[in-house]
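Enquirer: Heads up: the sequence shown begins at 147 in our numbering, then just goes up one per residue.
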Amino acid sequence: MDDINLHYRFLNWRRRIREIREVRAVRYRERLKRMLRDGDILRYHGNSDEVGCFVAARPLSRRNRYYEVTIIDTGVRGMIAVGLVPQMYKLDHQPGWLPNSVAFHADDGKLYNGNTVGQQFGPKCCRGDRIGCGISLDSDDGQLTVFFTKNGKEVGSVEVPAAPDGLYPAVGMHSLGEEVQLDLNAEWGTEEDDGQMIVDSHEEDWGRLHDVRVTGTLLEYVGKGKSIVDVGLAQARRPLNTRFHYYELEITDAGEKCYIALGLARRDYPKNRHPGWSRGSIAYHADDGKLFQGSGVGDPFGPRCFEGDIMGCGIMFPRDYSLDGGGEHLVCGLQSPVSHLVQENAIKGNVQLTKKSKPITRLCCSSWSPIAPYSHVPIVFKFVLSIPCSFKVPFNVSNT
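#1: Got a sec, what are the start and stop residues for the beta strand (DSSP E) residue 290 sits in?
#2: With residue 458 as the anchor, note down where its beta strand (DSSP E) starts and where it stops.
#3: Taking only the alpha-carbon atoms, compute the straight-line gap between residue 161 and residue 265 and give it to the nearest angstrom.
#4: Helix, strand or coil: which one does DSSP assign to residue 419?
#5: At what residue ranges does the region 371 to 445 contain a whole run of the beta strand (DSSP E), taking only runs of 3 or more?
#6: Given that a residue counts as buried once 16 or more other Cβ atoms are within 10 Å of its Cβ, and exposed if not, what is residue 373?
#7: In this structure, what does DSSP give as the bridge partners for residue 199?
#8: What does the alpha-carbon distance come out to for the pair residue 395 and residue 456?
#9: By Cβ distance, which residues of its chain are closer than 6 Å to residue 289, with the 5 residues on each side in sequence left out?
#10: With distances taken from CA atoms, which of 425, 246, 439 and 275 is nearest residue 328?
#11: Contact between the region 193 to 212 and the region 299 to 314 is defined here as three or more beta-carbon pairs at a separation below 8 Å; is this criterion met?
#12: Considering only the alpha carbon of each residue, which of 434, 423, 428 and 452 lies closest to residue 443?
#13: Which class does residue 352 belong to by DSSP, given the choice of helix, strand or coil?
#14: Return helix, strand or coil for residue 259, following the three-state DSSP convention.
#15: Does DSSP put residue 364 in a helix, a strand or coil?
#16: Check whether the region 316 to 324 and the region 214 to 234 touch, using three or more Cβ-Cβ pairs below 8 Å as the test.
#17: Thinking just about the alpha-carbon of each residue, which of 448, 460 and 433 is nearest to the one in residue 410?
#18: Would you tell me roughly how many angstroms separate the C-alpha atoms of residue 244 and residue 222, rounded to the nearest one?
#19: Helix, strand or coil for residue 237, going by three-state DSSP, please let me know.
#20: Using beta-carbon positions only, say whether residue 292 and residue 215 come within less than 8 Å of one another.
#21: Is residue 162 helix, strand or coil by DSSP?
#22: Which one of 419, 451 and 194 has the shortest CA to CA distance from residue 441?
#23: When the Cα of residue 429 is compared with those of 398, 381 and 192, which residue comes out closest?
#24: At the 8 Å Cβ level, is residue 258 part of the contact set with chain B, yes or no?
#25: By how many angstroms is the C-alpha of residue 174 removed from the C-alpha of residue 155?
#26: Should the region 248 to 264 be called in touch with the region 183 to 199, which here means at least 3 C-beta pairs below 8 Å?
#27: Can the beta-carbon of residue 277 be found closer than 8 Å to that of residue 294?
#28: Take residue 194 and list the residues in its own chain whose beta-carbon comes closer than 6 Å to its own, dropping the five residues that flank it on each side.
#29: If you draw a straight line from the C-alpha of residue 270 to the C-alpha of residue 400, how long is it?
#30: Candidates 450, 454, 387 and 398: which alpha carbon is nearest residue 463's?
#31: Quick one, are the C-beta atoms of residue 450 and residue 432 less than 8 Å apart?
#32: Comparing C-alpha positions only, which one of 425, 379 and 417 sits nearest to residue 359?
#33: Could you give the DSSP three-state label for residue 157: helix, strand or coil?
#34: With a CB to CB cut of under 6 Å and the five nearest residues on each side skipped, what residues in its chain are close to residue 404?
#35: How about residue 157 and residue 211: are their beta carbons less than 8 Å apart?
#36: In the DSSP assignment, find the beta strand (DSSP E) that holds residue 251 and state where it starts and stops.
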């Protein structure tokens, strides 16, 4: 009897293994409709009245977080879309049209984020252009940052809800003659990444580092410091919000001329420009005590700062302010240029700049991501108080 039971248990075990293999085979199988794949080449195979779509076999992950598509032929209309979709996405819709999908469309340069109406996002793409799509897995709030590139340069990014089963690379086409080359194993690297130096630090708390070395809570300028464009940039990964709305830094070494600035800027702020110099930014400059508001010419604002001084920047939100959907993170104005200080339809508040924790003044403006650049000479300064949503140091600054 024991032998019979053992035999049935063995047969049941084999059946379960076979079922698991069948499920895995279905899960990791690419899907395509009205498209032909020949190696790494994808071609549209329809009548131009219907959408063709390809969905890769595996989702992007921490190990493989980026892929690229090279346009070989734009065909009749060049309606090629590159993005991310759920595994069982409907193949008769362009990526980005349906909920939980996002895509950059080559024909109009628009971003489609779960909607058939796109938003202006980047340049149009034509034959020979490379369109890339990748993810950043550094968020812990249930959101996923999806970024797009053109010819190796980042176009922009958008935050989308993280899918339980991941988001899969997808390519859409919609006219005769469209053809692309697919590279699902492409590697993403930028000049900004080259400027980052991995040390025993809080480096993961920074969204961008350029010509800056991070050691614990210390930031040190390591650029050449020979011209006006030799700016070092350190930009926080997350924006200020109603809960964590203020940050400070202490100047531990002013260098030769104390070319230090802190303020707020849009997410895609140029890496070789001091905050405040270009639109979509505002900053307090330590060397001359001036305020720069999207211009290379500053206005007299406050006292100059020196070694040992503590500079701060924060947003005074209105009492009746609330985020749509009950979210905690302020993201308005981060991914599109902000004209001067106030952007129409942006969420506004009062920006407060301080020296040694004493308010200097308040300004009405939109909100941006914390940014702390410095340039020209070796400079070191320390964040003595920082933002939990951006850093790991406890936040103990008063709200007043």
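Ideal placement from N, C-alpha and C gives every residue a C-beta, glycine not left out.
Expert: Taking the coordinates as given:
#1: Start and end: 289 to 296.
#2: Residue range 456 to 462 is occupied by the beta strand (DSSP E) that includes residue 458.
#3: One C-alpha to the other measures close to 50 Å.
#4: Looking at residue 419 - three-state DSSP - the assignment turns out to be coil, as it is neither helix nor strand.
#5: Runs of the beta strand (DSSP E) lying entirely within the region 371 to 445, each at least 3 residues long, are 377 to 382, 392 to 399, 407 to 411, 427 to 431 and 436 to 439 in chain order.
#6: Its Cβ having fewer than 16 others within 10 Å, residue 373 is exposed.
#7: Partner(s): 179 and 318.
#8: For residue 395 and residue 456, the distance between alpha carbons rounds to 6 Å.
#9: Cβ within range, chain order: 305.
#10: Among 425, 246, 439 and 275, the Cα nearest to that of residue 328 is on 275.
#11: By the Cβ test, the region 193 to 212 is in contact with the region 299 to 314, since at least three Cβ pairs between them sit closer than 8 Å.
#12: The candidate whose alpha carbon is nearest that of residue 443 is 423.
#13: The answer is strand: DSSP assigns residue 352 an E or B state.
#14: Strand.
#15: In the three-state reduction of the DSSP assignment, residue 364 falls in the strand class, which pools E and B.
#16: Touching, yes, given that three or more Cβ pairs across the two stretches are closer than 8 Å.
#17: Nearest Cα to residue 410 within the set 448, 460 and 433: 460.
#18: Near 24 Å, if we compare the C-alpha coordinates of residue 222 and residue 244.
#19: Note: residue 237 maps to coil in three-state DSSP.
#20: With contacts defined by Cβ atoms closer than 8 Å, residue 292 and residue 215 do not form a contacting pair.
#21: The answer is helix: DSSP assigns residue 162 an H, G or I state.
#22: Checked all of 419, 451 and 194; the closest Cα to residue 441 is 419.
#23: Of the candidates 398, 381 and 192, the one whose C-alpha sits nearest the C-alpha of residue 429 is 381.
#24: Although the question refers to chain B, the structure presented lacks it and comprises just one protein chain.
#25: Going by the C-alpha atoms only, they are around 29 Å apart.
#26: The answer is no - the region 183 to 199 does not touch the region 248 to 264, with fewer than three Cβ pairs under 8 Å.
#27: Residue 294 is positioned such that its CB atom lies closer than 8 Å to that of residue 277.
#28: Within the same chain, residue 194 has close Cβ partners 321 and 322.
#29: Straight across, the Cα-Cα distance linking residue 270 with residue 400 is about 44 Å.
#30: The option with the nearest alpha carbon to residue 463 is 387.
#31: Yes, the pair counts as a contact, with Cβ atoms nearer than the cut-off.
#32: When only C-alpha atoms are compared, the closest one is 379.
#33: It is helical.
#34: So the qualifying residues of the chain are 432 and 433.
#35: For the pair residue 157 and residue 211, the CB atoms are not nearer than the 8 Å cut-off.
#36: Its beta strand (DSSP E) spans residues 248 to 251.
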